[in-house]
DNA sequence: TCTGGGGTCCTAGGACCC
DNA sequence: TCTGGGGTCCTAGGACCC
């Protein structure tokens with residue numbers, strides 16, 4: 001396909017920006033957002049980056065620095081970020097006939113046929129609209145392929161003087177930028193490929209674009225070959241309009257405090273199975289078997305290590321929470337060993353089947369109608385009053401193992417009780 | 001004391017079949 | 001004496017993404 005124009009727009013330090021929207025006092029302060037269990041820094045504003053806080057840095061190592069430097073620290077608030085993301089995508093759909101939501105904070109927009117000279121102004125208008133309507137600052141990268149649009153977005157982010165927009169659709173201006181970008185910054189080139197490429201003298205995105213595609217394939221499979229073509233402006237990756245049917249589904253969590261009793265473990269896997277059931281039903285899928293795993297800390301050398309997993313077959317394919325809980329607990333009992341401090345457990349389901357497509361046993365032991373009615377009722381109540389309003393008793397009340405979110409901001413946009421208050425005086 | 005949670009795609013190699 | 005080859009399916013592991 002030639003003559004295509006794509007834009008990649010994404011939120012700057014997206015999670016941090018969401019927090020800033022609802023607390024203007026954070027506007028000039030460094031802000032970071034932590035991963036699940038308050039484990040690592042996964043989003044940092046430029047001020048936080050300037051303090052030397054790295055992506056993925058464990059929080060306990062930077063706790064003192066954050067206190068001394070006045071860094072605002074937040075647990076992840078996925079409810080809030082997901083809602084802000086939906087608002088941004090609603091705007092994008094007004095601005096392009098063809099939008100691919102690529103991740104929670106990134107979307108590709110098809111701008112083919114918009115007129116090359118007007119693109120820059122169009123992108124700047126879009127940015128300021130998103131900023132005004134949602135409060136989120138963004139950057140826009142423009143190019144003839146997804147890989148080049150991503151790279152243009154990277155350039156826009158790193159070069160403040162561009163004002164948040166970079167257009168690499170013109171071949172002549174493009175090559176100058178490509179020669180200035182390290183090869184590891186290219187979408188699809190991770191640490192392993194970067195090391196191999198640098199070893200043969202391919203150091204920049206420009207070098208990679210000039211690499212023989214056959215050699216790229218030999219070194220990095222067909223994925224690497226595609227990347228070379230995309231860097232040359234030949235599109236190999238179409239926009240995905242409808243998300244493809246998902247192939248697997250997992251619910252895994254680190255524990256807030258280590259689990260040392262079987263009762264605690266059974267509670268935790270029941271809670272994870274409950275969540276798994278919600279995900280399956282939302283996607284119209286079911287499963288005939290699930291894997292359960294548990295392990296001790298990978299990091300604490302004083303903990304005796306233990307890691308185990310097993311696959312449990314359900315009597316028949318199902319997405320009923322109670323079936324999944326039973327199966328998950330059976331698996332957990334089978335691999336449980338006393339005397340360890342468990343740090344994490346989870347359940348993993350592959351081979352998902354669209355609901356109703358699985359073979360039925362000749363004599364169906366389940367009352368399918370009753371099961372569906374109960375699950376639907378649970379999902380409706382939980383959607384209305386918040387996840388976890390109704391859970392199976394097996395998922396526990398005390399939940400000492402529960403993942404930590406000790407610094408989570410209010411769910412400003414999705415819970416009436418947590419809506420921001422404004423007082424005029 | 002404290003280190004995330006999801007996903008996808010690709011390839012090689014073995015088992016099995018005719 | 002001569003001892004195939006091509007196809008499919010599955011799994012594990014690597015690499016990458018956000």
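In UniProt numbering, the protein residues as written are 1 to 425. Glycine included, C-beta positions come from ideal geometry on N, C-alpha and C.
Check your understanding: Between the region 57 to 77 and the region 88 to 104, do at least 3 Cβ pairs fall closer than 8 Å?
Key -> no
Check your understanding: Across which residues does DSSP place residue 107 in a beta bridge pair?
Key -> As a working mapping, residue 107 is identified with position 107 in the first chain. Paired residues: 9 and 101.
Check your understanding: If you drop the 5 nearest sequence neighbours on each side, which residues of the same chain put their C-beta closer than 7 Å to that of residue 130?
Key -> As a first step, residue 130 is located in the first chain; it is residue number 130 there, counting from the start. Correct list, in chain order: 88, 91, 136 and 138.
**Study point:** Local Cβ density within 10 Å of residue 165, reported as buried at 16 or more and exposed below that
**Key:** Taking the first residue of the first chain as 1, we reach residue 165 at position 165. Flag for residue 165 reads buried.
Check your understanding: According to DSSP, what are the bridge partners of residue 41?
Key -> Within the first chain, the letter at position 41 stands for residue 41. Residue 41 pairs with 34.
Point to revise | Buried/exposed call for residue 55, threshold 16 Cβ in 10 Å | key: Here residue 55 refers to the residue found at position 55 when the first chain is read from its first residue. By the neighbour-count rule (16 or more Cβ atoms within 10 Å), residue 55 is not buried but exposed.
Check your understanding: Between residue 310 and residue 277, is the Cβ-Cβ spacing less than 8 Å?
Key -> Position 310 of the first chain, counted from the start, is the residue given in the question as residue 310. Position 277 of the first chain, counted from the start, is the residue given in the question as residue 277. No, the pair does not count as a contact, with Cβ atoms beyond the cut-off.
Review point. Assuming residue 43 contacts residue 14 under a Cβ cut-off of 8 Å, what Cβ separation, rounded to an integer in Å, is found between them?
Key: Taking the first residue of the first chain as position 1, residue 43 is located at position 43. Taking the first residue of the first chain as position 1, residue 14 is located at position 14. Going by Cβ atoms, the distance from residue 43 to residue 14 rounds to 7 Å, so yes, they are a contact pair.
**Study point:** Enclosing alpha helix (DSSP H) for residue 496 [first to last residue]
**Key:** Outside the shown range of the chain (1 to 425) lies residue 496, about which nothing can therefore be said.
**Study point:** Run of the beta strand (DSSP E) containing residue 255, from where it starts to where it stops
**Key:** If you number the first chain from 1, residue 255 lands on position 255. Start and end: 249 to 259.
Review point. What's the call for residue 62, buried or exposed, on a 16-neighbour Cβ count within 10 Å?
Key: Translated into positions along the first chain, residue 62 becomes position 62. Buried: at least 16 other Cβ atoms inside 10 Å.
Check your understanding: Can you tell which of 172, 396, 17 and 322 has the C-alpha that lies nearest to the C-alpha of residue 265?
Key -> Counting from one through the first chain, the residue named residue 265 turns up at place 265. Among 172, 396, 17 and 322, the Cα nearest to that of residue 265 belongs to 396.
Exercise for review: Indicate the three-state DSSP secondary structure (helix, strand or coil) for residue 403 in the structure shown.
Suggested key: Along the first chain, one-based indexing puts residue 403 at 403. Note: residue 403 maps to coil in three-state DSSP.
**Study point:** Beta carbon of residue 181 nearer than 8 Å to that of residue 145
**Key:** On the first chain, position 181 is the one that residue 181 refers to. On the first chain, position 145 is the one that residue 145 refers to. No, the pair does not count as a contact, with Cβ atoms beyond the cut-off.
Exercise for review: Would you give the residue range spanned by the alpha helix (DSSP H) that residue 342 belongs to?
Suggested key: In the first chain, residue 342 corresponds to position 342, counting from 1. From DSSP, residue 342 is part of no alpha helix (DSSP H) but of the beta strand (DSSP E) over 342 to 349.
**Study point:** Anticipated Cβ contact below 8 Å, residue 79 with residue 414, distance rounded
**Key:** Your numbering for residue 79 matches position 79 in the first chain. Your numbering for residue 414 matches position 414 in the first chain. At roughly 5 Å, the Cβ-Cβ gap stays under 8 Å, so residue 79 and residue 414 are in contact.
Check your understanding: What's the C-alpha gap between residue 168 and residue 240?
Key -> Walking along the first chain from the start, residue 168 turns up at place 168. Walking along the first chain from the start, residue 240 turns up at place 240. Distance between the alpha carbons of residue 168 and residue 240: 22 Å.
Point to revise | N-terminal and C-terminal residue of the beta strand (DSSP E) that residue 294 is part of | key: Locating residue 294 in the first chain gives position 294, where the first residue counts as 1. From DSSP, the beta strand (DSSP E) with residue 294 extends over 285 to 296.
Review point. With burial defined as no fewer than 16 other Cβ atoms inside 10 Å of the residue's Cβ, what is the status of residue 252: buried or exposed?
Key: As a first step, residue 252 is located in the first chain; it is residue number 252 there, counting from the start. The residue in question, residue 252, is exposed, as its Cβ has fewer than 16 Cβ neighbours within 10 Å.
Check your understanding: Going by other Cβ atoms of all chains shown within 10 Å of its Cβ, with 16 needed for buried, is residue 133 buried or exposed?
Key -> Locating residue 133 in the first chain gives position 133, counting from the first residue. The residue is exposed, with fewer than 16 neighbouring Cβ atoms inside 10 Å.
Exercise for review: Measuring alpha carbon to alpha carbon, tell me which of 39, 17 and 38 ends up nearest residue 29.
Suggested key: On the first chain, position 29 is the one that residue 29 refers to. Answer by Cα proximity: 17.
Point to revise | For residue 370 and residue 49, the rounded distance between their alpha carbons | key: Position 49 of the first chain, counting from 1, holds the residue named residue 49. Position 370 of the first chain, counting from 1, holds the residue named residue 370. For residue 49 and residue 370, the distance between alpha carbons rounds to 54 Å.
Practice item. Go to residue 314, then tell me how far its beta strand (DSSP E) extends in each direction, as first and last residue. Key: In the first chain, the residue the question calls residue 314 occupies position 314. That run of the beta strand (DSSP E) goes 307 to 318.
Review point. Relative to the C-alpha of residue 127, which residue among 20, 58 and 11 is closest?
Key: Looking up residue 127 in the first chain gives position 127. Minimum Cα distance to residue 127 is reached at 11.
Point to revise | Proximal residues to residue 416 (C-beta, below 7 Å), its chain only, five neighbours per side dropped | key: As a first step, residue 416 must be located in the first chain, where it is residue number 416. Closer than 7 Å at Cβ, skipping near neighbours: no residue.
Point to revise | Distance between residue 422 and residue 68 (C-alpha atoms, nearest Å) | key: Taking the first chain and counting its residues from 1, the one referred to as residue 68 is at position 68. Taking the first chain and counting its residues from 1, the one referred to as residue 422 is at position 422. If you take the alpha carbons of residue 68 and residue 422, they lie about 30 Å apart.
Exercise for review: Determine the DSSP secondary structure at residue 73, reduced to helix, strand or coil.
Suggested key: Position 73 of the first chain holds residue 73. If DSSP states are grouped into helix, strand and coil, residue 73 belongs with the strands.
Check your understanding: Would you report the Cα separation of residue 149 and residue 190, rounded to the nearest angstrom?
Key -> Taking the first chain and counting its residues from 1, one reaches residue 149 at position 149. Taking the first chain and counting its residues from 1, one reaches residue 190 at position 190. Computed Cα separation, rounded: 18 Å.
Exercise for review: Whole angstroms is fine: what's the gap from residue 113's alpha carbon to residue 100's?
Suggested key: Numbered from its first residue, the first chain carries residue 113 at position 113. Numbered from its first residue, the first chain carries residue 100 at position 100. When rounded, the distance between both Cα atoms is 17 Å.
**Study point:** Cβ neighbours of residue 375 in the same chain (closer than 8 Å, five flanking residues each side left out)
**Key:** Numbered from its first residue, the first chain carries residue 375 at position 375. Taken in chain order, the residues that qualify are 277, 281, 319, 320 and 321.
Exercise for review: Confirm, please, whether the CB-CB distance from residue 400 to residue 274 is below 8 Å.
Suggested key: Reading the first chain from its first residue, position 274 is the one you call residue 274. Reading the first chain from its first residue, position 400 is the one you call residue 400. No, these two residues do not count as a Cβ contact at 8 Å.
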